[in-house]
């Protein structure tokens, strides 16, 4: 409780991670249910917890495959829903990045180092392009400096935007769509990969090519 309620107040930490404090109580409920010593308050609460978890799990699973959030929001508001607000959209579109680069730019472009400006875009690109791809995040602060490989494509790693020393591809998406800001580099936006789910906009992936 001290860690997960206090740390979010002053550090780079997601406040909703404090929900992990529920874990000891969840274990207590599981223990009470497995002992089955009558219908105590704990066993009744445990059954409620299991029912809630089953409903929530089914809802999350369904949302990963169909745009439930988008449908509900549009029905309630009567307006088009911003796909950036539905986090399950992040599961779509990135799997097509490798084939998209290969189809549009050929093998030579696919072999270029790939840069993401945020850990969300860099990690999605790395996972999509496979273990043989050269992918990293730039710029990086001190906390992230050792979490990503140095591809020797820039003079420095950050925290400011470093100067490029070789050509790279830079990827962004609909949520993190800021263009690259490598000083002195020539960056051209090549194309946009757009993905839909059941006719609704889901994911937009942006690709730039930057040269020193």
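Numbering (the numbering used here), first residue to last: 11 to 222.
Cβ atoms here follow ideal geometry from the backbone N, Cα and C, with glycine treated the same way.
When the Cα of residue i is compared with those of the options, which residue comes out closest?
| i | options | result |
| --- | --- | --- |
| residue 146 | 69, 212, 189, 159 | 159 |
| residue 196 | 93, 62, 136, 218 | 218 |
| residue 222 | 139, 205, 212, 172 | 172 |
| residue 178 | 188, 198, 43 | 198 |
| residue 191 | 210, 75, 148, 104 | 148 |
| residue 152 | 15, 13, 22, 11 | 22 |
Checking the sheet assignment: what are the DSSP bridge partners for residue i?
| i | result |
| --- | --- |
| residue 203 | 215 |
| residue 146 | 125 |
| residue 178 | 220 |
| residue 162 | Partner(s): none; residue 162 has no beta bridge. |
| residue 196 | 221 |
Rounded to a whole number of angstroms, what is the C-alpha to C-alpha distance between residue i and residue j?
| i | j | result |
| --- | --- | --- |
| residue 201 | residue 112 | 13 Å |
| residue 183 | residue 128 | 10 Å |
| residue 161 | residue 144 | 7 Å |
| residue 114 | residue 164 | 25 Å |
| residue 203 | residue 118 | 19 Å |
| residue 17 | residue 116 | 47 Å |
| residue 96 | residue 107 | 20 Å |
Measure the beta-carbon distance from residue i to residue j and round it to whole angstroms, keeping in mind my assumption that it falls under 8 Å.
| i | j | result |
| --- | --- | --- |
| residue 215 | residue 181 | 6 Å |
| residue 39 | residue 56 | 4 Å |
| residue 25 | residue 212 | Not confirmed; about 27 Å, so no contact. |
| residue 168 | residue 150 | 4 Å |
Checklist line | Inter-stretch contact at 8 Å, needing at least 3 Cβ pairs: the region 115 to 124 / the region 94 to 105 | finding: With the cut-off at 8 Å, the region 115 to 124 and the region 94 to 105 do not touch.
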